[in-house]
Every structure is written in structure tokens, then in C-alpha cells.
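According to this note's numbering, the residues represented by the sequence shown are 22 to 200, in order. Using N, Cα and C, we set each Cβ at its ideal position, and we do this for glycine too. Only one structure is covered here, and it is reproduced in the block below.
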Amino acid sequence: RILRADEIVFDRATGQSVAKGGIVLIDPSGQTMFASYAELDREFKNGIFKDVGALLPDNARMAANGMRRTEGTINELSHVVYSTCNICVDDPKRPPVWQIKAKAAIQDTEHQMIEYKDASMELLGVPVAYFPYFTHPDPSVPRRSAVSLAAAMSWEFSMGSSGSWTGAPETCGRCRLKT
22 RILRADEIVF DRATGQSVAK GGIVLIDPSG QTMFASYAEL DREFKNGIFK DVGALLPDNA
82 RMAANGMRRT EGTINELSHV VYSTCNICVD DPKRPPVWQI KAKAAIQDTE HQMIEYKDAS
142 MELLGVPVAY FPYFTHPDPS VPRRSAVSLA AAMSWEFSMG SSGSWTGAPE TCGRCRLKT
């Protein structure tokens with residue numbers, strides 16, 4: 022793991038690092054995390070982060086107000102936004118084609134799943150569905166079925182790098198709306 026920041030203070034007695042400003046943490050898996058503040062243990066496997074952004078495999082992006090990392094495999098996030106859509110070059114403030122917003126999420130890199138609590142699915146910035154519980158495979162998984170939406174109902178479909186919609190390639194890197 023590689024840690025970069027504007028300021029890093031390492032406590033030799035406790036093995037804890039405190040990083041401030043412009044934080045970049047690169048995992049061996051290639052996942053890159055950004056934050057404004059972090060407290061990490063000696064191996065960077067446990068810690069807390071503030072104002073988190075992450076570049077995940079397969080063009081996925083995740084942002085959160087805060088995150089707790091445990092044993093380098095569990096990332097607990099608060100007030101999360103997730104999408105695989107590219108940000109519009111002409112208007113970066115424009116919402117992506119689709120995104121998931123949730124009060125909380127857990128990314129389990131060992132079991133390659135992301136689960137959300139109090140989640141909503143948005144299309145072009147408009148909420149179209151609410152799910153008290155929602156899971157999907159981590160973007161590092163090439164293809165896996167079964168997306169669980171709630172205890173009383175579940176949908177199954179395949180998620181993979183090929184996406185499931187077709188159309189204008191500039192709208193989104195993974196899922197495209199028909200034009």
C-alpha cells in the first residue's frame with residue numbers, strides 16, 4: 022500500500038499515521054482512495070477517513086462523507102454515492118446517467134460484495150426507486166448474478182463489464198441509455 026498526503030505524522034510508539042490534505046491511498050488491488058483526513062495503523066489496514074472518494078475496478082466510482090476500514094477488507098461508508106458512469110466533461114455538475122445513493126454501505130473486498138442501507142436508485146438525477154437494503158457484486162468481479170434489493174423481494178440480473186443497455190457511448194462508460 023502506498024500513502025501520499027500533504028502532511029503525514031507517524032507515531033512510532035503506536036504505529037499510527039495521521040494524514041491531512043490531498044490524501045491518496047493505493048491498494049495492491051489497484052483501488053485508489055482519496056480523502057481529506059485519515060488515521061491509519063502501521064499496515065494501513067485499519068483506519069478512519071473523512072471526505073472519501075474511490076476509484077474502483079471497471080470504471081466504478083464511490084464517494085462518502087466518512088469511512089472506517091477494518092482489516093483491509095471491510096470498508097464501512099456513510100452517506101455514499103456509487104456509479105460506473107463517467108463524469109460529463111462539458112458539465113461536471115450534471116448527474117450521471119445512473120447512481121446509487123445510500124445512508125450507509127459496506128464494501129466487503131474479501132467476498133467481493135457491496136451492500137447498501139436506505140438506498141435510492143437515480144436516473145439522470147431523478148430518484149426512481151428506494152430500497153431499504155440493496156447489494157451488488159464489487160466491480161472487481163467480472164460477472165455475477167443476484168442483486169438483492171430487499172428481504173421481501175429480489176431481482177436477479179447479470180452485472181458485468183459489458184453493461185446491460187445500449188446506445189450513445191459518451192453517456193456512460195458501462196451502462197448506456199438508448200437514444
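By alpha-carbon positions, which one of the options ends up nearest to residue i?
i, options, result
"K122", "E131, P113, D112 and G146", "G146"
"V149", "W119, H100, I69 and T130", "W119"
"A140", "S99, D79 and P163", "S99"
"T105", "N86, M142 and T35", "M142"
"E92", "G51, T156, D79 and T130", "T130"
"H132", "S161, K124, V101 and D112", "S161"
"S50", "V73, Q37 and T94", "T94"
Is residue j closer than 9 Å to residue i when the C-beta atoms are compared?
i, j, result
"A59", "K71", "yes"
"L46", "L24", "yes"
"R33", "F65", "no"
"D62", "M54", "no"
"P153", "K138", "yes"
"A125", "V102", "no"
Who are the Cβ neighbours of residue i in its own chain at under 7 Å, not counting the five residues just before and after it?
i, result
"R115", "C109"
"K41", "A26, D27, E28 and Y58"
"V39", "V30 and E60"
"G43", "A26 and D27"
"M134", "T156, P158 and D159"
Might you give, ordered along the chain, the residues of its own chain that have their beta carbon closer than 6 Å to the beta carbon of residue i, omitting 5 neighbours on each side?
i, result
"N96", "M88, R90 and Q128"
"P78", "P160 and S161"
"V73", "A56, A85 and M88"
Following the continuous beta strand (DSSP E) through residue i, name the residue where it begins and the one where it ends.
i, result
"G87", "R82 to T91"
"F70", "G68 to L76"
"R63", "Premise fails: R63 is in no beta strand (DSSP E) and is neither H nor E."
"D32", "E28 to D32"
"S38", "Q37 to I47"
"R25", "I23 to R25"
Does the ligand ATP have a heavy atom nearer than 8 Å to the CB of residue i?
i, result
"K122", "Absence of the ligand ATP is noted for the structure shown, with no ligands found whatsoever."
Let me see if you follow: with CB-CB separation under 9 Å, is residue i close to chain B or not?
i, result
"M142", "Of the protein chains in this structure there is only one, and it is not chain B."
Item checked: beta strand (DSSP E) segments (min. 3 residues) lying fully within the region 93-157 -> For the region 93-157, whole beta strand (DSSP E) runs of length 3 or above, ordered along the chain, are 95-104, 119-129 and 134-144.
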